[in-house]
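Asker:
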Amino acid sequence: MITKEKILKMYTYALTNSPIIDKNMCLAFVYNNPDSIHDTLHISECVMPSERDMIINSFESVCKVVKPFASELEFIKNIPMLKHDFKEVFVYSMAQDVTGVGRRCLIPLLCDYLDFRNINADFQSCYLGGNKKAMYEILSQNKNLHFPFTIFVSSIEEITMTVNHLNEGKYLVKPNDESAGIGIKLINISSETRNSVINLLQDYIKKYTIFCIQEFLCGDEVEVPLLYFNHDYFCPGSCLILKDPDTLFLDYNTVALERYHFSNYSSHLNDQIQEQSIAVANTLKFKGISRIDFIISNNKPYIIDIGPNPTISTHSSTNYLFKNAFFNNEESIYILLLLSFLSQIDSFKPSLNAT
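Using UniProt numbering, you'd call the opening residue of the sequence shown number 1 and step up by one each time.
1. List the residues that DSSP assigns as beta-bridge partners of A28.
2. Between the C-alpha atoms of Y265 and L226, what's the straight-line distance to the nearest angstrom?
3. Where P49 and A121 are concerned, what is the direct C-alpha to C-alpha distance, given to the nearest angstrom?
4. In three-state DSSP terms, what is L106?
5. Answer yes or no: do N57 and V47 have a C-beta to C-beta separation smaller than 8 Å?
6. Quick one: measure Cβ to Cβ for F147 and Y136, integer angstroms, because I've assumed they're closer than 8 Å.
7. Thinking C-beta only, is I184 closer than 8 Å to K170?
8. What does a CB cutoff of less than 8 Å around L240 pick up in its chain, not counting 5 residues either side in sequence?
9. Please name the residue in L242, V89, Y252, D112 whose C-alpha comes closest to that of K67.
10. Can you tell me the Cβ-Cβ gap for F294 and I303, rounded? I've got them flagged as a contact below 8 Å.
11. What's the gap between the Cα of E258 and the Cα of D35?
12. Which of the three DSSP states is assigned to N328 in this structure?
13. Have a look at the DSSP bridge pairing and note the partners of I187.
14. Should C218 be labelled buried (16 or more other beta-carbon atoms within 10 Å of its own) or exposed?
15. With distances taken between CB atoms, is the gap from F75 to I55 smaller than 8 Å?
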């Protein structure tokens, strides 16, 4: 794991030697404007004006030219201009189509095709981020990683048999391709409720065609962000999610209304969960920023979610930890994301190996 001291050296150098991206190059920032989304569930994943301005300011502190684009389509329409006006185009994208396994894949795929420099999650990572089933199948081979009991359902015919074979207890139902708490439901399996749960899931699969049923565990929820640097990872710490005692899990309303807060997580399990997070990121070949979420139950960490392209907005565990680690500056994460990419292509000095 890369030390904070090495990252801090690069961060300080970038700020004192700005701009590190000159006028012949451009940083394109692609995002979803809430006005362009006609799906109220996903408005929470859009970038609001104040957040947009903060992100632009972050990149402008180290880049001569920053071009914001308020949708995938707006970015596509401006590709000829970008190709003509700049010898190098760096792209940071949080834009997405709102549904489906590939909902964040278009911009990374275009960057590969156009030879633009995508500084965030690549196409493969974005695909995996919209496919919990694929990630689970890859990682379940590693016996050092622990998950709550999880089973995936992909057809209406599987529902009755699956529910009838489940032990009694509480389970979370999660869409295969959603994030931000969208579509998550808590079900309680008992002899009295099995039929009603079957009926509920038969309706559920009409909207979410692949979903998982995951054992519900009580305990501290801890999120661990990672930043990829030169075939290694930097971890700014582990974040404990603070929510109302009556809130059993981060559902859509809790996330959308930001009814949760953050604290540094201090525990003898810290090293273990950070090592497991790096094992996940390495196995799935994540670059840019990723985040691994855990439930600590009976003194044991269980992986409950994986984000290869997580939100790093102001109200996020990732921004919270990076801000605390770098001079209480909420813009630091965006600058470090760019430095991470530049270090990969050996286009930034001092390097991590400099003394």
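Every residue gets a Cβ at the ideal spot worked out from N, C-alpha and C, and that includes glycine.
Answerer: Working from what's here:
1. K67, V91
2. 15 Å
3. 23 Å
4. helix
5. no
6. 7 Å
7. no
8. D220, E221, V222, F262, S263, N264, Y265
9. V89
10. 6 Å
11. 20 Å
12. coil
13. Y171
14. exposed
15. no
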